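Structure record follows, encoded as structure tokens.
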Amino acid sequence: MSATLFGVGLTGLLLVSSPATVDAVNPLPVERPIVASPPAFDPGHAAFNLTTGDGLDIGLSVFALFFAPGETLALHASEALSWIDVHGEQAATDDLRWTAPDEPSLTTVTLRSAAGDEMQLNLVVMRRVEADSGDSINGFAIGQYPQQPYRGEEAYRAPDSFIEFMPGLEDLAVSPHFRLGQFLCKQEGEGEARYLVLSERLILKLERILEASNARGWRTDSFTVMSGYRTPAYNAGLGNGENSRHIYGGAADIFIDTDGDGVMDDLNGDGVLDRRDAAALFDLVEALAAAEDQDWQPGGLGEYAPNAHHGAFVHVDERGWRARWGR
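Each residue of the sequence shown is one higher than the last, beginning at 14 in my numbering.
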């Protein structure tokens with residue numbers, strides 16, 4: 014399986030006339046707005062778990078999986094589940110198999126337990142690209158991946174299939190709190206389609222960090238993904254190294270921005286928007302890594318200060334081993 018979004022809570026205003034306050038100049042009662050608290054964070058856990066053939070553990074109410082054409086999905090469920098798609102409902106079983114068609118497509122499946130609990134899987138079949146096809150796909154520049162995988166690691170092998178992103182897929186849910194469009198490379202293309210790869214393990218890791226952030230008191234329904242996938246061509250234009258996890262769809266530069274001003278919120282509560290807010294998020298991720306949870310995806314973690322081009326942010330990836338920088 015190739016290493017490969019929800020609403021923002023609304024703040025409402027409720028005007029009340031009692032009790033009222035009296036203005037010192039104008040003796041008429043002044044109505045004061047009461048700001049409604051945002052709804053509690055819903056982590057989007059499913060009532061059952063799935064395990065893929067390559068060891069991915071999925072316990073979320075919605076999740077996307079990415080496949081090369083013809084690839085077979087093998088799932089083991091924690092209990093017997095019915096498979097429901099456009100063709101109908103299959104008998105419940107705890108071992109599920111599905112073979113991807115030969116052309117890029119999206120298949121949405123509902124898995125349902127005997128108790129009626131459900132999970133939605135968005136199964137995305139990518140476009141296969143031959144090794145000698147050049148530096149672009151249908152006019153969208155990709156560039157060159159390193160010929161040899163970094164440190165011989167499988168996660169750094171050049172992808173042979175890419176998600177074919179067409180207009181309308183921006184809001185495709187890849188998990189309860191993230192959408193496919195959040196991870197697009199900022200590079201434009203000549204044709205209608207754009208292309209990317211995205212690691213399922215990265216999505217699981219971001220969901221874990223998001224849940225911990227809300228438990229910490231930073232109420233947010235998603236992270237702002239400043240940079241997700243980058244083509245090797247775009248990455249090189251930024252002056253970044255050729256082995257960046259971004260070009261493999263396994264990294265995200267993230268920050269929390271609940272007020273929509275485009276920069277990291279004041280996470281440490283000191284009234285200043287600066288690097289210390291990135292440090293607070295860095296420390297939270299580091300604490301998750303230190304807990305050595307068996308489901309944790311080890312990887313890189315970097316802390317970045319604001320500059321003239323961006324605010325403070327944190328880099329997270331799922332390379333498979335510990336790496337730290339920025340401290």
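Every residue gets a Cβ at the ideal spot worked out from N, C-alpha and C, and that includes glycine.
Bear in mind that the values here come from a model prediction, so they are computed numbers and not experimental data.
Cβ-Cβ distances below 7 Å link N248 to S257, H259, I260 in the same chain, with the five nearest sequence neighbours on each side left out; the list follows chain order. Put simply, the backbone Cα of D306 is about 23 Å away from that of F268. In this structure, the straight-line span from the alpha carbon of V285 to that of E177 is close to 41 Å. Taking one beta carbon from each stretch, the region 108–117 and the region 49–61 have fewer than 3 pairs nearer than 8 Å; the two do not touch. Look at the beta carbons and you see the region 276–295 not touching the region 120–134: under three pairs across the two are nearer than 8 Å.
Under DSSP, the beta-bridge partners assigned to G313 are A336.
When secondary structure is reduced to three states using DSSP, N227 falls in the helix class.
Check the Cα spacing between D234 and each of Q200, R243, D270: the tightest is with D270. A Cβ-Cβ distance of about 7 Å is found for the pair L314 and E299, placing them in contact under the 8 Å criterion. The three-state reading of DSSP puts G72 in strand, counting E and B together. In the DSSP assignment, Y247 falls within the alpha helix (DSSP H) that extends over 245–250. One Cα belongs to S91, the other to L63, and the distance between them is close to 6 Å. Per DSSP, the beta bridge partners of D330 are A264.
Ranking N135, D173, E131, S149 by CA distance to the CA of E143 puts D173 first. One Cα belongs to F80, the other to H323, and the distance between them is close to 34 Å. For G101, the three-state secondary structure derived from DSSP is strand.
Residue pairing by DSSP places V138 opposite F80, S118 in a beta bridge.
Excluding residues up to 5 positions away in sequence, Y169, N256 lie with their Cβ nearer than 6 Å to the Cβ of Y163 in the same chain.
Secondary structure at A292: helix, using DSSP grouped into helix, strand and coil.
As a beta-bridge residue in DSSP terms, H89 pairs with T64, D108. Residues of the same chain with a CB within less than 6 Å of the CB of A154, apart from the 5 flanking positions on each side, are A246 in chain order.
Between K218 and V329, the C-beta gap is smaller than 8 Å, which places the two residues in contact. With a threshold of 16 other beta carbon atoms within 10 Å, Q157 falls short and is exposed. At least 8 Å separates the beta-carbon of A318 from that of R340. Taken through DSSP and simplified to helix, strand or coil, R170 comes out as coil. Within the same chain, and ignoring the five residues on either side of M179 in sequence, the residues whose Cβ sits closer than 6 Å to its Cβ are A206. Taking every protein chain shown into account, the CB of S146 has fewer than 16 other CB atoms within 10 angstroms, so this residue is exposed. Nearest to G333 by C-alpha distance, out of L209, E167, G202, is E167. Separation of E183 and A228 (C-alpha to C-alpha, rounded to the nearest whole angstrom) is 28 Å.
Cβ contact annotation for G312 (same chain, cutoff 6 Å, sequence separation greater than five): D330, E331, R332, in chain order.
For M239, the enclosing beta strand (DSSP E) starts and ends at 237–240.
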